[in-house]
Amino acid sequence: MHTSRRLVIVIALVATFALSFPALTAATHSWGNYHWARQSNPFTLKLGDNVTTAWDSYLTTTSTDWTASAVLNTAIVAGNNARPKQCRPTSGRVEVCNASYGGNGWLGLAQIWANGDHITQGAVKVNDYYFNQAQYNTTAWRNMVMCQEVGHTLGLDHQDTNQTNANLGSCMDYTNDPDGGAGGASATDPSNEHPNTHDYDQLVTIYTHLDTTTTVGSTVQAAGAASDWGRLVAVTNGGRTSVYMAGSGAQVVITFVIWAN
């Protein structure tokens, strides 16, 4: 490992869908230097299925989409959460959960725990409070959110954070028109329901080097999920995006939030 410092990173996807992380650009949308340690490519990352039947097909689509990468595969396995709303992480894999988390402004959360640059576990939550509403209860919204949140746990950030411009054809592109076409910024732009070539190229860049150890594959469940946002450390987008930090020393929790209008 590069360091003993342990991090927990959280990205919140909310009803306005316009998160911005200022250190990153569309040209290179890796999530810092965070990646799963592994000794060969392609490696297989397990996705723990803690979702209901309403989400099963979207998780399957997301897994298939990211497995098209040249450097990694994903495999859906039985979830490790008897209480999906809590969505406790499991070392070496990503737990995916859905529940009604309430009218708190976010549609989904992606979390990674990292030791230095190495991701050690991940969690994805999708919020049925909004997905049970007509505006978001669509194939396009569900595909985009699930695809994007799992993409974060692979080490990807967003290609673009402007929600009102034409779609890039990537689930890592924020938009308020996930199915593209008529009714959005362009009558001819593509949907943002799946990864695009740039996403796959970025994964190749992230995972080109190999590690001497691995953080993939263990099945030890953690004591609980990160929940405390802590102190406000940054505000961007005119106050619509906030960054919080909790903890210090060996364990830090960073929470990225974009607020609903």
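Just add 23 to wherever you are in the sequence shown, counting from 1, and you've got this note's numbering. Virtual Cβ for every residue (Gly too), placed ideally from N, Cα, C. Note that the coordinates shown come from a computational prediction; the quantities given were computed from them, not determined experimentally.
Residue i CB to nearest heavy atom of the ligand SAH below 6 Å
i: MET195; result: No copy of the ligand SAH appears in this structure; indeed no ligand is present at all.
Residue i, buried or exposed, once every other Cβ within 10 Å from all chains shown has been counted against 16
i: ALA133; result: buried
i: LEU82; result: buried
i: THR113; result: buried
i: THR76; result: exposed
i: LEU68; result: buried
i: LEU70; result: buried
i: ASP224; result: exposed
i: ASN20; result: With the chain running from 24 to 284 in the structure shown, residue 20 is simply not present.
Separation of residue j from residue i, as counted between CA atoms
i: GLY178; j: TYR57; result: 5 Å
i: ASN4; j: THR176; result: What the structure shows of the chain is the stretch from 24 to 284, and residue 4 is not part of that stretch, so it cannot be assessed.
i: TYR124; j: GLN244; result: 22 Å
i: SER86; j: GLN171; result: 11 Å
i: THR242; j: GLY174; result: 21 Å
i: SER63; j: VAL94; result: 9 Å
i: ASN138; j: LYS148; result: 22 Å
i: THR184; j: ARG111; result: 29 Å
i: ALA146; j: GLY204; result: 32 Å
i: THR143; j: SER92; result: 20 Å
i: ARG29; j: PRO107; result: Residue placement at ARG29 is flagged as unreliable, the pLDDT there being 46, under the threshold of 50; the coordinate-derived value follows with that caveat. The alpha-carbon atoms of ARG29 and PRO107 are separated by roughly 24 Å.
i: ASN199; j: ASN190; result: 9 Å
i: TRP89; j: PRO218; result: 7 Å
i: GLY206; j: THR161; result: 15 Å
i: TYR152; j: GLU216; result: 20 Å
i: GLU118; j: HIS141; result: 17 Å
i: ASP234; j: THR220; result: 25 Å
i: GLY128; j: ALA98; result: 30 Å
i: ASN150; j: LEU255; result: 23 Å
i: TRP136; j: GLN109; result: 16 Å
Identity of the residues DSSP links to residue i by a beta bridge
i: HIS58; result: HIS141
i: ALA120; result: It should be pointed out that residue 120 corresponds to Cys in this sequence rather than to Ala. Per DSSP, ASN73, LYS148.
i: THR97; result: LEU68
i: ASP183; result: ASP196
i: GLN244; result: THR113
i: SER63; result: Bridge partners of SER63: none, in fact.
i: SER53; result: LEU179
Nearest-angstrom Cβ-Cβ length linking residue i and residue j, presumed shorter than 8 Å
i: LEU130; j: VAL168; result: 5 Å
i: ASN166; j: THR84; result: 6 Å
i: SER345; j: THR228; result: With the chain covering only 24 through 284, there is no way to say anything about residue 345.
Residue i and residue j closer than 7 Å at C-beta
i: ALA101; j: THR236; result: no
i: ASN121; j: TRP78; result: yes
i: ASP202; j: SER214; result: yes
i: ASP212; j: MET195; result: no
i: TYR197; j: HIS181; result: yes
i: PRO65; j: ASN104; result: no
i: GLY115; j: VAL239; result: yes
i: THR231; j: ALA208; result: no
Cutoff 7 Å: residue i Cβ touching any chain D Cβ
i: GLY71; result: Within the model displayed, chain D is absent; a lone protein chain is all it includes.
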